[in-house]
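A quick write-up on the structure given underneath.
Chains as they are written, first to last, in our numbering: chain A, 1 to 481; chain B, 482 to 983.
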């Protein structure tokens, strides 16, 4: 038990809650500056926490001094510290981006700050929670604020997408909650740590059912093929900063939870069914890529790319058991994709703002006047294709290494094929940059901040490929596996 | 960090940094852009000069950086790498000059020269890569940085060429990556070491090693344009002339050929590769490529396409030299890496000059061009004769060593392949020379862009680079025995790396 005066863990939850509330009090469209200051602090806290975890043991904390059965227990290991770092690293640039994106008094941005604060509080809380019920609460907080952010766009299409998203997320958390109730009924506890020795391969049918329900609910929330139907309209229809947060972070939160359960209490059940997520993951890569290749609208393309990229995360499940390589591959890919996808949505948002339209074909000749944005899109694309020297490449390398090492040729082939398919849809956009544009449609001026934040995120996703050893050390230090 | 660690990084930085700055320059800053380009090229030449002197004297230059535990980025400057680096550095300088003249007044020059610099950076990285992982990083970087150059013109045809190029190279890259990861999982590392590293593995891994060899060679064979993986090269001809020159002489196909050299000699080790029975199939594929490329070149009327198929054929001389088990073939293959570069870049410079000055794109339009553009045509003729292996040219040196190598290895059929190829080369180059010099000129040229002024037949910057490289073609042939010639350096490599090893 580490009890320092200012432990970063609770503050990572309290800070966003505080600025979200203040932004709400200040009124529509206000609170951006406050959020930015707080987000800088959050990033520092996340780095500090990562350093602590990296240096020593996993961090535990009982809120208010009440131990686990009564109070709320928080715990952070390498995996959660890594996810917290990703969350803050994406949230800060996207907040800077959003401040420039939502012009003063714009309808779209009215509710952005309070809702995104709630969202981040939920995500951070999810990563530090140590029991199944708390996780449920955070899951709901994340889901509902995400739906709110999509609906806040205001258009008919966005409201329809938000409604669909709402049904999916409520169904998902409902299934999860049912599972939690069954687990509690069987063992009388919801603490991950206490459950660990209790759930064995000989567990009663009811526990299997509970595990299955929780998993199904979370898969729906993570939009794993074929449960992805709600994602493209929601992520493709929301305003760009919202899309970036949703694709980079929100789906990762429920993925993290799956991983947590799979590696933790439900490991005995998971071992029997590792092939299922991998199979669905392969389907996601194929289907998502094909739909991205066929998409007419640029944000739909990027959203389907998320469906495909989430597929990679599930390819690791059959490989998890013997050593940490597959887990390294999965977490590095989650990190790489988070940065790259945020960058890609940010770039897409800037392009759409400038051209005033949303079709891929309408981008011809834009590159000449917005080279930084196109470059950002291209660099993010390099990460998604898994080409060196990006972090996506290292993740792919580790995945292939793990797959070939254990004789899973099909998984290695899938990872490689996914990279080639990604190249097709990424270059669909990039080739527009090189086309001769016969006539120049007028471009609306776009704040420079939009271009450069997209570029910074994309560059980070590529350069991380050269600094990944720290992340891997962090992952190993917490002993998540 | 010591000087010997820093130097390889400085070589990369000398083109990477100017490239990044050039991206940000507005189109109109011609002077600054040109200055940056030349500063980068000259700095790199100076750095490579220092490396050459150092390596000749037995210095070792290297840099290591762990990306992940057990996965290292390794750069080193050894004799073999320097052969490729020197070629790239010198030809990059001339290609830059040529490109400045060629693209004068054209749009998107900042983008062009930015990617041009990245492309050379990637080539340098490939030359200095000290293990398979590092090689792969720069190999893919080369793919990415050349695509924008291939599609530079932005026409539909350019886009199609670029798409085909990407499809081949990215798919090849995926196979290469599979091979490399397999290799790492087998051995734990992929260092390039004299005599190879796989001798440490027992004979029980022979089948896996054969499979990996296939994956690796197919992966690099795409860029080396070995039949049947050569389909992209003629398509990529839509690129502007300086890009074609770079692709064919310095960067892409050479990166593939160089990869073959590294894999055979320093990953597998030539003796181990021979004992696994891998060299004869490689030689056979190279021979087929040599003949097929030449045959296809015969049928092309488009000048650049004819040159492209000629490249397909010529680059496989390098692979053939490598696959001929023995020191003579090694020297022949290595020296051809340089010689083919000098000769082919001259031909592409000249083809660009005909197109830019007179609008000539097809062989049929070349009649009488020799009298209108004598200097360009002399350069073209020297390089074409060199390709055929005429005496006093660089091509003759290559062919002599390769044939001796084939004879020494007891591969009579390879000698016959080389002779046939020479005849085919003559069959597709001599008609061009005949047209140039002995056929009457048409009343008007297809599209005369640059009028002749006195004895100046075209723009200076277009004329000087091919004249210099043509002179180099002759020099490399006539002074082949000089201690500073490419041949002497190739012999040094062969002695140092392969013959003195136990």
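Built from N, CA and C at the ideal position, the CB exists for glycine as well.
For my contact list, residue 493 of chain B and residue 606 of chain B are in at a C-beta cut-off of 8 Å; report their separation, rounded to the angstrom. Start at 1 with the first residue of the second chain, and residue 493 of chain B comes out as number 12. Start at 1 with the first residue of the second chain, and residue 606 of chain B comes out as number 125. Their Cβ separation, rounded to whole angstroms, is 6 Å, which keeps residue 493 of chain B and residue 606 of chain B in contact under 8 Å.
From the beta carbon of residue 720 of chain B, is the nearest beta carbon of chain A less than 8 Å away? Taking the first residue of the second chain as 1, we reach residue 720 of chain B at position 239. Residue 720 of chain B does not count as touching chain A.
Any C-beta of chain A sitting closer than 8 Å to the C-beta of residue 580 of chain B? As a first step, residue 580 of chain B must be located in the second chain, where it is residue number 99. It does not: the Cβ of residue 580 of chain B has no partner Cβ on chain A nearer than 8 Å.
Please confirm if residue 513 of chain B has its CB atom under 8 Å from at least one CB of chain A. By 1-based counting over the second chain, the position of residue 513 of chain B is 32. Put simply, the CB of residue 513 of chain B is far from chain A, with every gap to its CB atoms at 8 Å or more.
With DSSP collapsed to three states, give me the class of residue 483 of chain B. Translated into the one-based positions of the second chain, residue 483 of chain B becomes position 2. Of the three classes helix, strand and coil, the one that applies to residue 483 of chain B here is coil, per DSSP.
Which word fits residue 5 of chain A, buried or exposed, when buried means at least 16 other C-beta atoms lie within 10 angstroms of its C-beta? Here residue 5 of chain A refers to the residue found at position 5 of the first chain. Confidence in residue 5 of chain A is poor, its pLDDT being 48 and thus under 50, which makes the residue's placement too unreliable to answer from.
Find out if the Cβ-Cβ distance for the pair residue 663 of chain B, residue 698 of chain B is shorter than 8 Å. Walking along the second chain from the start, residue 663 of chain B turns up at place 182. Walking along the second chain from the start, residue 698 of chain B turns up at place 217. For residue 663 of chain B and residue 698 of chain B, no; Cβs fall outside 8 Å.
Which chain A residues sit within Cβ distance under 7 Å of residue 649 of chain B? By 1-based counting over the second chain, the position of residue 649 of chain B is 168. Within 7 Å Cβ-Cβ: nothing; residue 649 of chain B doesn't reach chain A, min ~11 Å.
Out of curiosity, what's the CA-to-CA distance linking residue 972 of chain B and residue 382 of chain A? The residue you call residue 972 of chain B lines up with position 491 of the second chain. The residue you call residue 382 of chain A lines up with position 382 of the first chain. Going from the Cα of residue 972 of chain B to the Cα of residue 382 of chain A covers about 40 Å.
Please report the Cβ distance between residue 96 of chain A and residue 449 of chain A, rounded to the nearest whole angstrom; I am assuming they are in contact, meaning their Cβ atoms lie under 8 Å. Against the first chain, residue 96 of chain A aligns to sequence position 96. Against the first chain, residue 449 of chain A aligns to sequence position 449. About 6 Å; that satisfies the 8 Å criterion.
Compare the Cα-Cα distances from residue 362 of chain A to each of A:443, A:286 and A:384 and report the closest residue. The sequence position of residue 362 of chain A within the first chain is 362, counting from 1. Minimum Cα distance to residue 362 of chain A is reached at A:443.
By Cβ distance, which residues of its chain are closer than 7 Å to residue 356 of chain A, with the 5 residues on each side in sequence left out? What you label residue 356 of chain A is simply residue 356 of the first chain in a count that begins at 1. Closer than 7 Å at the Cβ level, and outside the excluded window around residue 356 of chain A, lie 444.
Is DSSP giving residue 798 of chain B helix, strand or coil here? Locating residue 798 of chain B in the second chain gives position 317, counting from the first residue. Note: residue 798 of chain B maps to helix in three-state DSSP.
So does the segment 133-149 of chain A actually touch the segment 81-96 of chain A, counting three or more Cβ pairs closer than 8 Å? By the Cβ test, the segment 133-149 of chain A is not in contact with the segment 81-96 of chain A, since fewer than three Cβ pairs between them sit closer than 8 Å.
Just to confirm my understanding: we take residue 433 of chain A, look at its own chain, exclude 5 residues before and 5 after, and list those with CB closer than 7 Å. What are they? Position 433 of the first chain, counting from 1, holds the residue named residue 433 of chain A. Around residue 433 of chain A: 367 and 374.
Which of helix, strand or coil DSSP assigns to residue 480 of chain A: Counting from one through the first chain, the residue named residue 480 of chain A turns up at place 480. Residue placement at residue 480 of chain A is flagged as unreliable, the pLDDT there being 44, under the threshold of 50; the coordinate-derived value follows with that caveat. Three-state result, residue 480 of chain A: coil.
Below 8 Å on the Cβ atoms is my guess for residue 938 of chain B versus residue 843 of chain B; work out the distance and round it to an integer in Å. Taking the second chain and counting its residues from 1, one reaches residue 938 of chain B at position 457. Taking the second chain and counting its residues from 1, one reaches residue 843 of chain B at position 362. In fact, because the Cβ distance is near 20 Å, the residues do not count as touching under 8 Å.
Listing by chain order, which chain B residues have their CB less than 8 Å from the CB of residue 382 of chain A? To locate residue 382 of chain A, count along the first chain from 1; it is residue 382. Going along chain B in sequence order, the residues near residue 382 of chain A (Cβ under 8 Å) are 625.
Taking buried to mean at least 16 other C-beta atoms within 10 Å of its own C-beta, is residue 465 of chain A buried or exposed? On the first chain, residue 465 of chain A is found 465 positions in, with the first residue counted as 1. So residue 465 of chain A ends up on the buried side.
Hey, quick one: how far does the beta strand (DSSP E) through residue 548 of chain B stretch, first residue to last? In the second chain, counting from the first residue as 1, residue 548 of chain B sits at position 67. According to the DSSP assignment, residue 548 of chain B belongs to the beta strand (DSSP E) that extends over 542-549.
At 3 residues or longer, and completely inside the segment 4-89 of chain A: list those beta strand (DSSP E) runs for me, N to C. Counting only runs of 3 or more, we get 59-62 and 73-76.
Taking residue 621 of chain B as the query, report the chain A residues whose CB atoms sit under 7 Å from its CB, ordered along the chain. Position 140 of the second chain, counted from the start, is the residue given in the question as residue 621 of chain B. Neighbours of residue 621 of chain B across chain A, judged by C-beta separation under 7 Å: 387 and 388.
Round the Cβ separation of residue 251 of chain A and residue 223 of chain A to the nearest angstrom and send it over; I've been treating them as touching at under 8 Å. Position 251 of the first chain, counted from the first residue, corresponds to residue 251 of chain A. Position 223 of the first chain, counted from the first residue, corresponds to residue 223 of chain A. Indeed, because the Cβ distance is near 6 Å, the residues count as touching under 8 Å.
With distances taken from CA atoms, which of A:266, A:329 and A:417 is nearest residue 179 of chain A? As a working note, residue 179 of chain A is residue 179 in the first chain. The residue among A:266, A:329 and A:417 with its C-alpha nearest the C-alpha of residue 179 of chain A is A:266.
Give me, in chain order, the residues of the same chain whose beta-carbon lies closer than 6 Å to that of residue 210 of chain A; leave out the 5 immediate sequence neighbours on both sides. Against the first chain, residue 210 of chain A aligns to sequence position 210. Taking residue 210 of chain A as the centre and dropping the five residues before and after it, the same chain places the C-beta of 179, 182 and 183 closer than 6 Å to its C-beta, in chain order.
Quick check: is the beta carbon of residue 468 of chain A nearer than 8 Å to any beta carbon in chain B? To locate residue 468 of chain A, count along the first chain from 1; it is residue 468. Against chain B, the CB of residue 468 of chain A has a partner CB under 8 Å away; the residue lies at that interface.
Taking only beta-carbon positions, decide if residue 549 of chain B is within less than 8 Å of chain A. As a position in the second chain, residue 549 of chain B is number 68, starting the count at 1. Chain A has a Cβ within less than 8 Å of the Cβ of residue 549 of chain B.
Compare the C-beta of residue 659 of chain B against all C-beta atoms of chain A and say whether one is closer than 8 Å. Against the second chain, residue 659 of chain B aligns to sequence position 178. Interface criterion met: the Cβ of residue 659 of chain B is under 8 Å from a Cβ in chain A.
Cβ neighbour criterion (16 or more within 10 Å) applied to residue 339 of chain A: For the purposes of this step, residue 339 of chain A is identified with residue 339 of the first chain, where counting begins at 1. It counts as buried.
Those residues which DSSP pairs with residue 390 of chain A across a bridge: As a first step, residue 390 of chain A is located in the first chain; it is residue number 390 there, counting from the start. Paired residues: none, contrary to the question.
Using CA coordinates, which residue listed in A:89, A:274, A:35 and A:151 is at the minimum distance from residue 44 of chain A? In the first chain, residue 44 of chain A corresponds to position 44, counting from 1. Of the candidates A:89, A:274, A:35 and A:151, the one whose C-alpha sits nearest the C-alpha of residue 44 of chain A is A:89.
Need the endpoints of the beta strand (DSSP E) that residue 555 of chain B sits in, please. Your numbering for residue 555 of chain B matches position 74 in the second chain. Counting along the chain, the beta strand (DSSP E) containing residue 555 of chain B begins and ends at 552-558.
So that I know if they touch, is there some Cβ in chain B lying closer than 8 Å to that of residue 420 of chain A? For this step, residue 420 of chain A is matched to residue 420 along the first chain. Closer than 8 Å: yes.
Amino acids of chain B, ordered along the chain, whose beta-carbon sits closer than 8 Å to that of residue 412 of chain A: Counting from one through the first chain, the residue named residue 412 of chain A turns up at place 412. Result: 659 and 662.
Name the residue from B:550, B:918, B:620 and B:711 whose alpha carbon lies nearest to the alpha carbon of residue 467 of chain A. Here the question's residue 467 of chain A lines up with position 467 in the first chain. Minimum Cα distance to residue 467 of chain A is reached at B:550.
Extent of the continuous alpha helix (DSSP H) to which residue 807 of chain B belongs: The count along the second chain starts at 1 and reaches residue 807 of chain B at position 326. Counted as a single uninterrupted DSSP element, the stretch harbouring residue 807 of chain B is not any alpha helix (DSSP H), since DSSP gives it neither H nor E.
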